[in-house]
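Note that this note's numbering has the sequence shown beginning at 82, numbered continuously upward.
Think of the CB as a built atom: it goes at the ideal place given N, C-alpha and C, for glycine as much as any other residue.
Encoded as structure tokens, the structure appears first; notes follow it.
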Amino acid sequence: MSADSGPPPRPRPRVTAAVLAGGVGARMGGTRPKQLLPLAGRPVVEHAIAAFCAAPEVDDVIVLMVADHIPEVEKIVAHREYRKVSRVLPGGATRTATSAATLRALEQAGDDELVLLHDAARPLVAPEVIRSCVEALGTADAVGVAVPSSDTVVEAGAGPSGAEVIQNVPPRASLRRMQTPQGFRLGVIRRAYELALADPDLVATDDCGVVLRYLPEVPVRLVAGAESNIKVTHPGDIDVAEALLRLRGGTAGGTR
């Protein structure tokens with residue numbers, strides 16, 4: 082062995098991407114979950130699945146779906162031969178419950194493995210965003226994807242007459258808009274959710290927020306998101322996503 086030989090590199094931890102499609106999207110209207118609405122000829126959820134199946138950094142993909150619609154997603158996976166998808170499982174009634182269901186599904190995985198939690202309603206996640214998230218987990222235990230706020234954001238409240246008024250204007254330079262995926266070392270997000278689910282006052286809108294609240298000693302690293310990584314929430318968002326896909330030229334992912 083040469084004098085300058087160091088220890089062999091550590092094996093890269095296994096990376097599982099969880100596509101979270103457990104909600105019904107009440108703000109979208111209609112009777113079908115928004116994840117199954119057509120976008121450029123394919124369901125919204127399929128674009129997210131395709132993106133993670135195409136990412137070389139991802140080893141395994143699981144999908145958490147509204148229970149009644151699991152057969153539809155299984156059919157999509159089989160028809161398109163998305164080989165990285167190992168399971169399609171029922172999601173929870175809330176975003177938090179769906180994340181918790183993901184962690185239960187990964188209970189046999191080691192604490193050093195990595196998980197990416199991604200909203201299925203973000204069908205345009207780009208390869209470079211996935212790559213940046215995984216690379217940051219090489220030195221961080223929790224990673225969020227965010228973009229700077231180009232708008233002025235205000236805190237509002239009720240005024241003397243009961244009408245809504247501005248109460249505070251936070252400095253825009255320090256504000257970010259969170260996106261997904263959000264990545265974690267499994268041992269960290271497991272511990273955060275153990276504490277969160279034991280809290281009767283739990284209120285959470287994303288997974289980085291759970292770590293921030295229940296494991297404040299764990300820094301949550303931020304990496305750059307993309308303005309195109311929109312969340313399909315309202316009916317008009319489908320039209321915006323269609324236009325962005327036309328500019329990109331296809332689906333979010335190019336391979337299976």
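Asked: Local Cβ density within 10 Å of Ser180, reported as buried at 16 or more and exposed below that; Found: buried
Asked: DSSP three-state assignment for Glu188, whether helix, strand or coil; Found: coil
Asked: Three CB pairs or more closer than 8 Å across the segment 237–249 and the segment 117–131; Found: no
Asked: Coarse secondary structure for Pro171, derived from DSSP in three states; Found: strand
Asked: For Val158 and Lys340, the rounded distance between their alpha carbons; Found: In this structure the chain extends from 82 to 337, so residue 340 is not present and cannot be described.
Asked: Cut-off 6 Å between Cβ atoms - residues of its own chain near Val235, not counting five sequence neighbours on either side; Found: Ile247 and Val250
Asked: Terminal residues of the alpha helix (DSSP H) in which Val96 lies; Found: No alpha helix (DSSP H) contains Val96, which is instead part of the beta strand (DSSP E) from Val96 to Ala102.
Asked: Beta-carbon proximity of Cys214 to Gly290, cut-off 9 Å; Found: no
Asked: Sequence-distant residues of the same chain with beta carbon closer than 8 Å to Gly238, five excluded per side; Found: Glu245, Val246 and Gln248
Asked: Element boundaries [beta strand (DSSP E), containing Gly290]; Found: That residue, Gly290, is in no beta strand (DSSP E); its alpha helix (DSSP H) goes Asp288 to Tyr295.
Asked: Cβ neighbour criterion (16 or more within 10 Å) applied to Gly243; Found: exposed
Asked: Straight-line Cα distance separating Arg257 from Val228; Found: 5 Å
Asked: Whole-Å CB distance - Pro297 paired with Leu195, under 8 Å assumed; Found: Actually they are not in contact, since the Cβ atoms of Pro297 and Leu195 sit about 21 Å apart, beyond 8 Å.
Asked: Candidates Ser230, Arg266, Ser231 and Ala182, of which the one nearest Ala148 by Cα; Found: Ala182
Asked: Residues sharing a beta bridge with Val228, DSSP; Found: Arg258
Asked: Among Val301, Ile270, Leu278 and Glu153, nearest to Ala190 - alpha-carbon criterion; Found: Ile270
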